[in-house]
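S.K.:
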Amino acid sequence: MRCLSLKSLSLALIFALVAVSPWRAQAASPEPIKAEHGMVVTAQHLASDIGVEVLKRGGNAVDAAVAVGYALAVVYPIAGNIGGGGFMTIRFKDGKTTFLDFRERAPLAATKSMYLDDKGDLVKGLSTNGYLAVGVPGPVMGFEHARSRYGTRPLEELIAPAIKLAKEGFVLEQGDVDSFDGKTERLAKDPAAAAIFLKPDGKPFAVGEKLIQADLAASLSSISEKGPDAFYKGAIADAIVKASAEKGGILAKKDFEQYAVRELEPVKCNYRGYDIVSSPPPSSGGVIICEILNILEGYPLSYLGYGSAETVHAMIEAMRHAYVDRNTALGDPDFVENPVSKLVDKAYAKEIREKIEPFRAGVSQALMPAGFAESKETTHYSIIDDEGNAVAVTYTLNGSFGAGVVAPGTGILLNNEMDDFTAKPGAPNLYGLVQGEANAIAPGKTPLSSMSPTIISKDGRPFMVIGSPGGARIITITLEAIINVIDHGMNIQEAVDAPRLHHQWLPDKVFMEPYALSPDTRKLLAAMGHDVEIDENWMIWGQATGILVGGENLTEIEAGGGARYNGAVDSRIGAGAARGY
Ligand code: GLY
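Following this line, the structure appears as structure tokens:
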């Protein structure tokens, strides 16, 4: 094995080399979409069109985010929703930032051991299927909080396009139909879900057919007329509570009545001169992205090169250490003390770097804290308006189509977010995450998330809006898009398309997308002790959507004269689109 020895070169020399000859990857990706006044990038093209229309009519990025949130609930039912939960990161034109937490809360009747049998073993499927898996949904309250504080348009105007699409239906394209692939059996189990998302003969919809959602149109119309009370205090809450009671759930009217959005300080850090603003707990996303970036800042990634064994080794080890913290130390801030300032401290990153051996894989088991026993879908959209207000939203039903249930008469798919809690310390969840007590179930508590809606600025100006679905991989997908742009010089489309790697401490494996690493690189990594496995399930690798400001890549931005807004929808998404004007 012949690797560049870091010891053989002084860091000063390495950084000097980086400055004069950065390694530039050239991926085979389409060109980013370019625009001068506004950009909306979502996982479904009709939702992107709706967002851009709001911007063109003078609405701001928050208005567009609300309209897109409702539209995706109609045209992207696999993950877009009003029956789940999410986060919104906002960077205003004056540089101020805020973060809205409208994620699910555990029902008041929830208990720590609700998914265990009397022997203390996990009951398979209880936290993922049916009404017991459902957390109290937040998007309707979250969107209204955003709109009433930071938007400029009335709710009726922003929700109207979604109502029209639900009532009149929309024609399914290949990308839409693909998102229903393999879900027929699950949807068929719930008569109300089957009546909407399957044809009368029980078969899935085909390309060219129309998906009409009359009940959802009626629910959205009542929200349009009465605001969030229609959802949290009226007939919608009643219908969900009734269905839950009939089918083994524990949701109560009080859960809905007392739902509240939290407006929180985002997590902030600086990576090589770029200011990162991302999600704080109850998400682990922003904290862990910052922790990994802080660790990686000590390595000359640009010089070492995209996909080189040394770059990958540094990334894996940074991920391994940071995911220990993710899975053991973080939880809902109203219930646990989160050591955020320690985890995002550069001195802590240095301590971790000192434990990372240059050419030897770490051992996850050795990082087990004392006392700790051992597609899936979400969606992200990125928006920026003519004034420079930027919004990043990631919201989710957790698994594809959530718990796979719709309360009769509502048309609203409900989440299975309760699975994001630690159902049993040491037992892996849907995403294979092995988590601890900080994320134990408690009444009214929010499960720890990985969602990472992120906005980056440089010298006081917006630079990048980014985020992704992908369960536990949301963090590494978002992180990799960031370093692909900042360290590897990729344009925004290449950055979201580039093949990915993931390590989450446990299981102690490096997951890679097909073609992410050459056979030679895999051999070098294996010699260091890394267990690398190809994971071909594209659904769990998430589909990022991003915007870069001032050019399509760093070279263009630094030279000046690039398009103002450069949008990219991940090529892994069939139905998505970046739209600008
Ligand atoms: N349900 C995925 C997440 O919030 O991380």
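All the letters of the sequence shown, read from the start, carry residue numbers -27 to -1, 1 to 554 under mature numbering (1 follows the signal peptide of the UniProt record, and there is no 0).
Where is the CB? At the ideal position from N, CA and C, for every residue including glycine.
Identify whether residue 328 lies in helix, strand or coil by the three-state DSSP scheme.
M.R.: Against the sequence shown, residue 328 aligns to sequence position 355. In the structure shown, residue 328 sits in a helix (DSSP, three-state: H, G or I).
S.K.: Just list the residues that DSSP pairs residue 353 with in beta bridges.
M.R.: To locate residue 353, count along the sequence shown from 1; it is residue 380. BP columns for residue 353 point to 367.
S.K.: Can you tell me which of the three DSSP states residue 422 falls into?
M.R.: In the sequence shown, counting from the first residue as 1, residue 422 sits at position 449. Strand.
S.K.: Residues in the same chain with beta-carbon distance under 6 Å from residue 342, minus the five sequence neighbours each way, listed in chain order, please.
M.R.: Walking along the sequence shown from the start, residue 342 turns up at place 369. Around residue 342: 301.
S.K.: Among 22, 15, 104 and 68, whose alpha-carbon lies nearest the alpha-carbon of residue 377?
M.R.: Along the sequence shown, read from residue 1 onward, the residue named residue 377 stands at position 404. Residue 104 is the option with its Cα nearest to residue 377.
S.K.: By DSSP, does residue 288 sit in helix, in strand, or in coil?
M.R.: Numbered from 1 along the sequence shown, position 315 holds the residue referred to as residue 288. Here residue 288 sits in helix by DSSP.
S.K.: Below 8 Å on the Cβ atoms is my guess for residue 385 versus residue 56; work out the distance and round it to an integer in Å.
M.R.: One-based indexing of the sequence shown puts residue 385 at position 412. One-based indexing of the sequence shown puts residue 56 at position 83. Indeed they touch by this definition, with Cβ atoms about 4 Å apart.
S.K.: Using only alpha-carbon positions, find the residue among 516, 530 and 515 that is nearest to residue 522.
M.R.: As a working mapping, residue 522 is identified with position 549 in the sequence shown. Ranking 516, 530 and 515 by Cα distance to residue 522 puts 530 first.
S.K.: Under 9 Å between the Cβ atoms of residue 83 and residue 265?
M.R.: The sequence position of residue 83 within the sequence shown is 110, counting from 1. The sequence position of residue 265 within the sequence shown is 292, counting from 1. Result no, Cβ atoms of residue 83 and residue 265 do not sit closer than 9 Å.
S.K.: Buried or exposed: residue 93, going by 16 or more other Cβ atoms within 10 Å of its Cβ?
M.R.: Within the sequence shown, numbered from 1, the residue matching residue 93 stands at position 120. Answer is exposed; the Cβ neighbour count stays below 16.
S.K.: Where does residue 463 fall in DSSP's three states?
M.R.: Residue mapping note: residue 463 aligns to position 490 of the sequence shown, counting from 1. Looking at residue 463 - three-state DSSP - the assignment turns out to be coil, as it is neither helix nor strand.
S.K.: Considering only their Cβ atoms, is the gap separating residue 335 from residue 299 smaller than 9 Å?
M.R.: Counting from one through the sequence shown, the residue named residue 299 turns up at place 326. Counting from one through the sequence shown, the residue named residue 335 turns up at place 362. Cβ atoms of residue 299 and residue 335: not closer than 9 Å.
S.K.: Could you spell out where the alpha helix (DSSP H) holding residue 196 opens and where it closes?
M.R.: Here residue 196 refers to the residue found at position 223 when the sequence shown is read from its first residue. Note, residue 196: alpha helix (DSSP H), 187 to 199.
S.K.: Quick check: is any heavy atom of the ligand GLY less than 8 Å from the C-beta of residue 422?
M.R.: On the sequence shown, position 449 is the one that residue 422 refers to. Result yes, Cβ under 8 Å from the ligand GLY.
S.K.: Taking contact to mean at least 3 C-beta pairs separated by less than 8 Å, is the region 10 to 25 in contact with the region 512 to 520?
M.R.: With a cut-off of 8 Å, the region 512 to 520 and the region 10 to 25 count as touching, because enough Cβ pairs lie within range.
S.K.: Would you tell me roughly how many angstroms separate the C-alpha atoms of residue 614 and residue 506, rounded to the nearest one?
M.R.: With the chain running from -27 to 554 in the structure shown, residue 614 is simply not present.
S.K.: Less than 8 Å between the CB of residue 390 and some heavy atom of the ligand GLY, yes or no?
M.R.: Residue mapping note: residue 390 aligns to position 417 of the sequence shown, counting from 1. Checking every heavy atom of the ligand GLY against the Cβ of residue 390, one is found closer than 8 Å.
S.K.: Tell me whether residue 575, by its Cβ, gets closer than 8 Å to a heavy atom of the ligand GLY.
M.R.: Because the chain is modelled from -27 through 554, residue 575 falls outside the range shown and cannot be assessed.
S.K.: So is the beta-carbon of residue 396 under 8 Å away from any non-hydrogen atom of the ligand GLY?
M.R.: Here residue 396 corresponds to residue number 423 of the sequence shown, with the count starting at 1. Not under cutoff, so the answer is no.
S.K.: Which of the three DSSP states, helix, strand or coil, is assigned to residue 470?
M.R.: Translated into positions along the sequence shown, residue 470 becomes position 497. Helix, per DSSP.
S.K.: In this structure, how does DSSP classify residue 62 when only helix, strand and coil are distinguished?
M.R.: Looking up residue 62 in the sequence shown gives position 89. Looking at residue 62 - three-state DSSP - the assignment turns out to be strand.
S.K.: Taking all protein chains shown into account, decide if residue 120 is buried (16 or more other Cβ within 10 angstroms of its Cβ) or exposed.
M.R.: Here residue 120 refers to the residue found at position 147 when the sequence shown is read from its first residue. Buried, because 16 or more other Cβ atoms sit within 10 Å of the Cβ of residue 120.
S.K.: Note down the Cα distance separating residue 552 from residue 540, rounded to an integer number of angstroms.
M.R.: Locating residue 552 in the sequence shown gives position 579, where the first residue counts as 1. Locating residue 540 in the sequence shown gives position 567, where the first residue counts as 1. Each residue's alpha carbon lies about 7 Å from the other.
S.K.: Taking the alpha-carbon positions, what's the residue 64 to residue 111 distance?
M.R.: Numbered from 1 along the sequence shown, position 91 holds the residue referred to as residue 64. Numbered from 1 along the sequence shown, position 138 holds the residue referred to as residue 111. Distance between the alpha carbons of residue 64 and residue 111 is about 21 Å.
S.K.: My output table needs one value for residue 269: the three-state DSSP class, helix, strand or coil.
M.R.: To locate residue 269, count along the sequence shown from 1; it is residue 296. Three-state DSSP puts residue 269 in a helix.
S.K.: Would you report the Cα separation of residue 67 and residue 27, rounded to the nearest angstrom?
M.R.: By one-based count along the sequence shown, residue 67 stands at place 94. By one-based count along the sequence shown, residue 27 stands at place 54. Approximately 21 Å, taken between the alpha carbons.
S.K.: So, helix, strand or coil for residue 74, using DSSP?
M.R.: Locating residue 74 in the sequence shown gives position 101, counting from the first residue. Residue 74: strand per DSSP, three-state reduction.
S.K.: From residue 249 to residue 397, what distance separates their C-alpha atoms?
M.R.: Your numbering for residue 249 matches position 276 in the sequence shown. Your numbering for residue 397 matches position 424 in the sequence shown. For residue 249 and residue 397, the distance between alpha carbons rounds to 33 Å.
S.K.: Quick one: is the Cβ of residue 101 within less than 8 Å of any heavy atom of the ligand GLY?
M.R.: Against the sequence shown, residue 101 aligns to sequence position 128. Checking every heavy atom of the ligand GLY against the Cβ of residue 101, none is found closer than 8 Å.
S.K.: Taking the alpha-carbon positions, what's the residue 347 to residue 304 distance?
M.R.: For the purposes of this step, residue 347 is taken as residue 374 along the sequence shown, with counting starting at 1. For the purposes of this step, residue 304 is taken as residue 331 along the sequence shown, with counting starting at 1. In this prediction, residue 347 scores a pLDDT of 39, lower than 50, which makes its location untrustworthy; the coordinate-derived value is nonetheless stated afterwards. So the alpha carbons of these two residues sit roughly 18 Å apart.
S.K.: Can you tell me whether residue 492 is helix, strand or coil according to DSSP?
M.R.: If you number the sequence shown from 1, residue 492 lands on position 519. Residue 492: helix per DSSP, three-state reduction.
S.K.: Between which two residues does the alpha helix (DSSP H) harbouring residue 45 extend?
M.R.: Working through the sequence shown from its first residue, we reach residue 45 at position 72. Where residue 45 is concerned, the enclosing alpha helix (DSSP H) stretches over 34 to 48.
S.K.: Determine the DSSP secondary structure at residue 15, reduced to helix, strand or coil.
M.R.: Translated into positions along the sequence shown, residue 15 becomes position 42. In this structure, residue 15 counts as strand in the three-state DSSP scheme.
S.K.: Short check: CB of residue 562 to CB of residue 225, under 9 Å?
M.R.: Given that the chain is displayed from residue -27 to residue 554, the structure contains no residue 562 and the question cannot be resolved.
S.K.: Considering only residues of the region 104 to 158, which uninterrupted alpha helix (DSSP H) runs meet the minimum length of 4 residues and lie entirely inside it, listed in chain order?
M.R.: Taking only runs of at least 4 residues, the alpha helix (DSSP H) segments lying wholly in the region 104 to 158 are 112 to 123, 128 to 141 and 147 to 153.
S.K.: Which term fits residue 425, buried or exposed, when burial requires 16 or more other beta carbons within 10 angstroms of its beta carbon?
M.R.: As a first step, residue 425 is located in the sequence shown; it is residue number 452 there, counting from the start. Buried, because 16 or more other Cβ atoms sit within 10 Å of the Cβ of residue 425.
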